[in-house]
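Have a look at the structure below, then the notes.
In our numbering, the protein residues as written are 2 to 118.
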């Protein structure tokens with residue numbers, strides 16, 4: 002629980018849109034872990050509770066739920082800021098994040114940068 006407070010909540014509360022500075026590898030990956038766990042929990046709530054209440058068909062339910070969309074939008078800025086701070090930590094400019102727009106290769110290159118120490 003300490004890691005959740007330290008790496009996830011602190012990033013959201015105190016560094017929501019802070020694009021300068023650095024983010025350690027552990028800060029970045031703990032944030033990603035908690036982001037994924039929360040997203041999975043929201044997907045389950047959407048699929049098991051909200052979709053039946055709203056009368057969604059299985060095809061509509063598989064397209065993603067409203068809770069996941071709201072969470073993703075709320076986390077867009079802090080996730081981007083954290084990724085740019087992580088790039089700063091390995092000595093790269095934040096503009097390197099734009100490499101993600103190169104299909105497949107860009108995402109793999111960015112992932113490689115994120116695991117560097």
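C-beta atoms are modelled at their ideal positions from N, C-alpha and C, and glycine is treated no differently. Model, not experiment: these values are computed from the prediction.
Residue 84 counts as buried, since no fewer than 16 other beta carbons sit within 10 angstroms of its beta carbon. In the DSSP assignment, residue 106 falls within the unbroken alpha helix (DSSP H) covering 106-116.
The criterion of a C-beta distance shorter than 8 Å is not satisfied by residue 80 and residue 88. Taking a cut-off of 8 Å on C-beta distances, the region 43-56 touches the region 65-74, as three or more cross pairs fall below it.
Shown here for residue 32: same chain residues with a beta carbon closer than 6 Å to its own, the five before and five after excluded, namely 8, 9, 12, 83 in chain order. Per DSSP, reduced to three states, the secondary structure at residue 82 is helical. If you draw a straight line from the Cα of residue 22 to the Cα of residue 91, it comes to about 11 Å.
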